[in-house]
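Numbering (our numbering), first residue to last: 16 to 459. Where is the CB? At the ideal position from N, CA and C, for every residue including glycine. Remember, it's a predicted structure, so these values are computed and weren't measured experimentally. Here's the structure, in C-alpha cells; my notes come after.
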Amino acid sequence: MGLTNLLTTSQEFVKFSVAGIGKVDLNWIGYAISWIFDLVSDIPGAIAVGVILFTLMLKTLVLPLDIYSRVKMRKQSLLMESMRPEMEKLQKQYASDKQMYNQKVMELQKANGYNPLGACLPTIISLVIFMVVFSAFSQYSQYANLSNYNEMAKEYSSAVNAYVLTEQTENKDSNEYFLTVAETDGLTGYKFVTPYGINKSGLLVDEAGKKINVYGYIVDYDKFAAFYVDEGKELPDGWADMSEDGKNKEVIAFVRQIARKRAAQYYLDNKPKTSLLWIGNIWYPDSMLNKEIPNFSSFSSSISRAAGSIDSDYEASYNEVTYNLSKQKNTYNGYFVLIVLAIGFMFLQQFITMRSQKAASELGSVDGQGAKTNKMMMIMMPIIFGIFSFFYSAAFSIYMITNTCYSLISTLIINKIVSVRFDKNIETNAKKKMQGRAGRKRLK
C-alpha cells in the first residue's frame, strides 16, 4: 500500500514514513543461485564470481549431454564429408529435381550409417536448460534489486525509529528519544502508544510482534533541543520563539538527514559485491542507457515482471530512500562492453560450429540452401544474444559469455578428438581391406 504525506509537517504531528515494496518469490534455481552467491559473498565482485561459478557448475553437470551431442554432430559431419564425392554427383545429376535428390541422399546416408537426427535430443535438452536458467536469472535480478531497495528502506526506518521511546529502551530518560508514536486505531483516527520495540525490518511493533501502523509522531521539543546540543550542533536562531510548524521542520530536516545517510550507506557498503570494474550495478544491463541507480519509473519497470505492477504512490518513498545517491543516479551503469563480448563470442562459436558442419550445410540440399541458412544463423544468434544482454542484467550477460566460452572450448577439444579417432578408424578399415585382398590373392 502506498504512503501519503511523506515527510510533511502538521500542527499536530511530524510524519516520517517510507514504504517497502512487496517481494519476489524465488524458485529452486533461484535459491541455488542465492546459495552460491552466499558462498563467495566476501569476495570483491562476489556476484560476478558467483555467476561464473554457477555457470561452470551447471555446464559441468550437463557436460555428458553436451559431449554426446557434439560427438554425434562431429561424427555426422565427418561422415557427410566422406560422402562428398557421391553427394556432389547427386547434386549435379538431380539439380532440377529436389525431391529425387532428397530421396537419393536419404538412401546414401542410410547406407553409410548417417543419421541427421542423432544429436537433436541432447541439443533440445540443452536449449530447454538454457531457457529455464534464463528465466531464473531474470527473476533473480528483479529479486536482488527489490531486496536491495527494501534493505535500504529498512535502514531508513530503523534510523527514524531509533529516536522513538519503546519498552525495550534501556535509558528511557535519554534526550535521544524525543519522538512519541501515535498509532491509527481505525475509530477515532489515532491513539498514543509506547511500542514494545523495533523488529528486523526496522519497524515499530507491539509486544506480540505485530507492526504498529504509525499515524505520526509527537516531538518533545525540549528533549530534541537538548539532544541537538549534545550532538555538538547549535540550535537555529530563534528556536525558542519558533512556531510548532517551524520546529517540526527543523526536526524533520535533522532526522531525515540521518535516515537518508543510513540508507545510502547500506548501498555503498554492499556495492563491492554488486559492482564489477566499469559496471556500477551488475543487476542492470551493462549500458550507457541505464543508470547505476535508476529513477523510479525504470526501477518499477525492471521489477514489475516478477513483483507485479508497482503503485506510483511508492515513488515518494523510493526518492526519499535513494535521496543521497544522486551521484549514482547520474552515473552510467556500463559502456556496452559485455554486450559486445556476448555478441563476439557467440559469433565465434557459430563460426566454428558452421565450419565443423560445412559438409552437412553444403550438401544437405541440392541448391546449397543449407549453407545459406547456416550463414544466416551465424548472424542471427549473436544478434539475439546481444538483445538479451541489452535488455537484461549484466549478470546474465556474464552467464552467457561464460556459457559460450565453455561450449567453445569443449567444442574445439571434442572436434579434435573425434576427428583424430575418425581418421584412425578410416586408416584401420583401409588396412583391413588391403589385408583382406592380400589374403584372397594368396588363396588363389
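Per DSSP, the bridge partner or partners of residue i
i: Tyr232; result: Val29, Val196
i: Tyr347; result: Lys306
i: Lys226; result: Val220
i: Val147; result: Answer by DSSP bridge pairing: none, since Val147 is not bridged.
i: Lys206; result: Glu198
i: Val435; result: Per DSSP, none; premise fails for Val435.
i: Gly247; result: DSSP output for Gly247 lists no bridge partner at all.
i: Lys179; result: It should be pointed out that residue 179 corresponds to Val in this sequence rather than to Lys. The partner list for Val179 (beta bridge, DSSP) reads Leu194.
i: Ile213; result: Leu219
Straight-line gap, residue i to residue j (C-alpha atoms, nearest Å)
i: Asp245; j: Asn190; result: 9 angstroms
i: Phe152; j: Leu427; result: 28 angstroms
i: Pro210; j: Ala268; result: 24 angstroms
i: Lys74; j: Leu80; result: 10 angstroms
i: Val266; j: Gly35; result: 23 angstroms
i: Lys288; j: Gln157; result: 16 angstroms
i: Asn117; j: Gln106; result: 10 angstroms
i: Ser302; j: Trp293; result: 10 angstroms
i: Lys215; j: Lys390; result: 57 angstroms
i: Met167; j: Trp254; result: 32 angstroms
i: Lys30; j: Tyr333; result: 16 angstroms
i: Leu250; j: Gly45; result: 51 angstroms
i: Phe406; j: Leu283; result: 25 angstroms
i: Asp40; j: Tyr421; result: 30 angstroms
i: Lys90; j: Gln124; result: 13 angstroms
i: Asn430; j: Leu94; result: 13 angstroms
i: Lys119; j: Ser97; result: 16 angstroms
i: Val355; j: Val433; result: 32 angstroms
i: Glu222; j: Lys206; result: 17 angstroms
i: Val196; j: Gly204; result: 13 angstroms
i: Glu335; j: Asn305; result: 20 angstroms
i: Ala174; j: Leu180; result: 13 angstroms
i: Ser150; j: Arg99; result: 42 angstroms
i: Ser32; j: Glu198; result: 13 angstroms
i: Glu122; j: Pro300; result: 51 angstroms
Residue of the options minimising C-alpha distance to residue i
i: Met257; options: Val270, Leu292, Asp237, Gln272; result: Asp237
i: Lys276; options: Tyr171, Ala268, Lys125, Asp301; result: Tyr171
i: Ile67; options: Met415, Lys439, Ile424, Leu423; result: Met415
i: Met395; options: Phe314, Val208, Ala357, Asn418; result: Ala357
i: Ser412; options: Trp298, Phe239, Met369; result: Trp298
i: Gln154; options: Tyr243, Asn334, Val64, Ile48; result: Ile48
i: Leu142; options: Thr346, Val77, Pro100; result: Val77
i: Lys286; options: Gln108, Tyr164, Tyr129; result: Tyr164
i: Thr368; options: Ala410, Ile424, Thr346, Ala409; result: Ile424
i: Asp326; options: Asn263, Ser312, Glu335, Val433; result: Ser312
i: Ile213; options: Thr199, Ala241, Ile82, Ala177; result: Ala177
i: Asn160; options: Ser290, Met361, Leu363, Tyr243; result: Ser290
i: Ala126; options: Met102, Val148, Ser111; result: Met102
i: Tyr232; options: Val220, Asp252, Gln114, Val208; result: Val208
Simplified DSSP state of residue i, which is helix, strand or coil
i: Phe362; result: helix
i: Val55; result: coil
i: Val77; result: coil
i: Gly37; result: coil
i: Leu291; result: strand
i: Pro100; result: helix
i: Ala63; result: helix
i: Ala42; result: One detail in the question is off: residue 42 reads as Asn in this sequence, not Ala. Coil at Asn42, not helix or strand.
i: Trp254; result: helix
Check: residue i C-beta below 7 angstroms from any heavy atom of the ligand ZN
i: Leu218; result: For the structure depicted, the ligand ZN is absent and the ligand set is empty, with no information on it obtainable.
Practice prompt. Flag this pair as touching only if the segment 397-408 and the segment 44-53 have three or more C-beta atom pairs under 8 angstroms; answer yes or no.
Written response: no
Worksheet item: So, do the segment 58-65 and the segment 184-194 have three or more beta carbon pairs nearer to each other than 8 angstroms?
Response: no
Practice prompt. Flag this pair as touching only if the segment 311-319 and the segment 348-365 have three or more C-beta atom pairs under 8 angstroms; answer yes or no.
Written response: With fewer than three CB-CB distances shorter than 8 angstroms, the segment 311-319 does not count as touching the segment 348-365.
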